[in-house]
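Residue numbers (the UniProt record's numbering): 1 to 242.
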């Protein structure tokens, strides 16, 4: 082991059978004291090893019961190359939380290229799987684009894409910029997703443009245990050589 901490060595010995399927989801791991006896380490070392596996998402601790191999969560993949450019929470079930008007400020103002205080439509919907919330989609757009028409987010057909709805209002989207990252979960996101504030979540910031003008921006916030982004990129064919 050299100078490597012993808890990492114990964690390796436990991790291997979990990853190769020898220990199935729900299997109970040996207690801290048993691990200490088996591998000739202190209980503190075995505790650190188990906590490391918990932090990696491979093991869960059940108070008063012990440590168990974690059940593999169902993964939901969001296609980011769809022709309609942004399908909200598809392929999940959709629970609309409604559209309201508010004044833009801070980050939303900057993403829409407008000054603070301008009115925007804010639309929210939950993505659910078997009735359980998995992802939250929040979109903002300048109210002036569609106000007074039947093309506002509140009036349009929920099945219509952003491109279809804005295109029908004469706003042609010709560019999309997307940024993906991880950040701590905030309120009221945590209440809607039934997750603890501060947990790391996957965030996709997507902005639609007409020329150089931002016309809609949105956040897709999802559990990192359940959400993946799927990209399919077409590559130009190289011309054949003589």
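Don't be surprised by glycine CBs; every beta carbon is placed ideally from N, CA and C.
- Note on geometry: alpha-carbon atoms of residue 168 and residue 61 lie some 53 Å from one another.
- In this structure, the beta-carbon distance from residue 222 to residue 235 does not fall below 7 Å.
- Within the same chain, and ignoring the five residues on either side of residue 63 in sequence, no residue has its Cβ closer than 7 Å to its Cβ.
- Residue 76 places its beta carbon less than 7 Å from that of residue 92.
- Residue state for residue 94 is assigned as strand, using DSSP reduced to three classes.
- Nearest C-alpha to residue 29 among 41, 42 and 13: 13.
- By the neighbour-count criterion, in which 16 or more other beta carbons inside 10 Å mark a residue as buried, residue 218 falls on the buried side.
- Nearest Cα to residue 177 within the set 150, 146 and 212: 212.
- Spatial neighbours of residue 171 in its own chain (CB-CB distance under 7 Å, excluding positions within 5 residues in sequence) are listed in chain order as 145, 210 and 215.
- By the neighbour-count criterion, in which a residue is buried when 16 or more other Cβ atoms sit within 10 angstroms of its Cβ, residue 33 is exposed.
- By the neighbour-count criterion, in which 16 or more other beta carbons inside 10 Å mark a residue as buried, residue 133 falls on the buried side.
- Pairing residue 165 with residue 151 gives a Cβ-Cβ distance under 7 Å.
- For residue 102, the beta-bridge partners assigned by DSSP are 120.
- Under the three-state reduction of DSSP output, residue 48 falls in the helix class.
- Residues 66 of the same chain have their beta carbon placed closer than 7 Å to that of residue 31, with the five preceding and five following residues left out of the count.
- With distances taken between CA atoms, residue 204 lies nearest to 180 out of 192, 73, 198 and 180.
- A distance below 8 Å between beta-carbons, with the five flanking residues on each side excluded, links residue 225 to the following residues of its chain, in chain order: 57 and 73.
- Distance from residue 138 to residue 121 at the Cβ level is roughly 11 Å; contact not present, criterion being Cβ atoms closer than 8 Å.
- The alpha carbon of residue 157 has as its nearest neighbour, out of 191, 231, 21 and 99, the alpha carbon of 99.
- The beta strand (DSSP E) runs lying completely inside the region 159-189 and spanning 3 residues or more are 175-184, given in chain order.
- Around the beta carbon of residue 107, a 10 Å sphere encloses fewer than 16 other beta carbons of the protein chains shown; the residue is thus reported as exposed.
- C-alpha of residue 105 to C-alpha of residue 238: approximately 47 Å in a straight line.
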